[in-house]
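Chains as they are written, first to last, in this note's numbering: chain A, 9 to 120; chain B, 79 to 192. C-beta atoms are modelled at their ideal positions from N, C-alpha and C, and glycine is treated no differently. Each remark here refers to the structure printed beneath this line.
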């Protein structure tokens, strides 16, 4: 399973766009990239998933370059409530075990 | 639609004791996974249950065991508790067993072993 590397922490201010980059140099052909968000004392929450190029939903965008060795989660105009830990995960879309490999994540602190 | 629920919310046990944690999956979800999250760390996969059978396991010893019931609810049992078992235990449910797609996590059970 591909290992991921992300910054331990990031600071931002309300209204700014935040980009969190994740490195996954050993990503395999069948692997998809997924991001989860976790607030204190809560379970992780799915944000977005992608395989290549760009994916956008109502809360975030995911940019994946052609070599797929990294990905960037983009959060537009963050608010204080976006303060959380963000996890980048890489896993085999064809696997049936459902095993998610979490790293330490990126703690995002949004300031007023 | 009811989300994933877990009970109890908090639990304190003594080393050597046994504990059972419970999870009710989201409506329509037939697959349940359990994760252990130590303080300051990401969740670690324990195992997954599909149609009442374990079909995936992480690097956890046999004293971590589970059950899934016909209504897809699940239990996590931990025997011979150790101090390092103190953690947040998360349950996640989803439909089917495919690796793709989001998993829905419950709020967790905070276990403290003294």
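Check whether residue i and residue j have beta carbons under 7 Å apart
i: residue 120/A; j: residue 22/A; result: yes
i: residue 118/A; j: residue 20/A; result: yes
i: residue 167/B; j: residue 145/B; result: no
i: residue 98/B; j: residue 153/B; result: yes
i: residue 193/B; j: residue 124/B; result: Because chain B here runs from 79 to 192, residue 193/B falls outside it and cannot be looked at.
i: residue 51/A; j: residue 81/B; result: no
i: residue 31/A; j: residue 78/A; result: yes
Test: residue i CB closer than 7 Å to a CB of chain A
i: residue 123/B; result: yes
i: residue 81/B; result: no
i: residue 180/B; result: yes
Amino acids of chain A, ordered along the chain, whose beta-carbon sits closer than 7 Å to that of residue i
i: residue 184/B; result: 51
i: residue 120/B; result: 95, 110, 111, 112, 113
Chain-ordered chain A contacts of residue i [CB-CB under 9 Å]
i: residue 168/B; result: 51, 52
i: residue 94/B; result: Going along chain A, no residue has its Cβ under 9 Å from residue 94/B, so there is no contact; the nearest lies around 27 Å.
Partner residues on chain B for residue i, Cβ-Cβ distance less than 8 Å
i: residue 81/A; result: Under the 8 Å cutoff, chain B gives no residues; its nearest Cβ is about 15 Å from residue 81/A.
Contact with chain E by residue i, beta-carbon distance below 7 Å
i: residue 134/B; result: Although the question refers to chain E, the structure presented lacks it and instead comprises the protein chains A and B.
CB contact check: residue i to chain B, cutoff 7 Å
i: residue 59/A; result: no
i: residue 121/A; result: No statement about residue 121/A is possible, as the shown extent of chain A runs from 9 to 120 and does not include it.
### Query
What are the start and end residues of each continuous beta strand (DSSP E) run of 3 or more residues lying completely inside the stretch 122-164 of chain B, in chain order?
122-128, 131-135, 142-146, 152-156
### Query
If you scan the stretch 40-72 of chain A from start to end, which runs of the beta strand (DSSP E) of 3 or more residues do you find wholly inside it?
53-58, 61-64, 69-72
### Message
I want to know whether the stretch 102-117 of chain B touches the stretch 135-155 of chain B - three or more CB-CB distances under 8 Å.
### Response
yes
### Query
Does the pairing of the stretch 92-111 of chain B with the stretch 33-49 of chain A give three or more beta-carbon distances under 8 Å?
no
### Task
Specify whether the stretch 85-92 of chain B and the stretch 61-69 of chain A touch according to this definition: at least 3 beta carbon pairs, one from each stretch, less than 8 Å apart.
A contact is defined here as three or more CB-CB pairs under 8 Å, and the stretch 85-92 of chain B fails this definition with respect to the stretch 61-69 of chain A.
### Task
For the stretch 55-63 of chain A and the stretch 29-43 of chain A, state whether three or more C-beta atom pairs, one from each stretch, are separated by less than 8 Å.
yes
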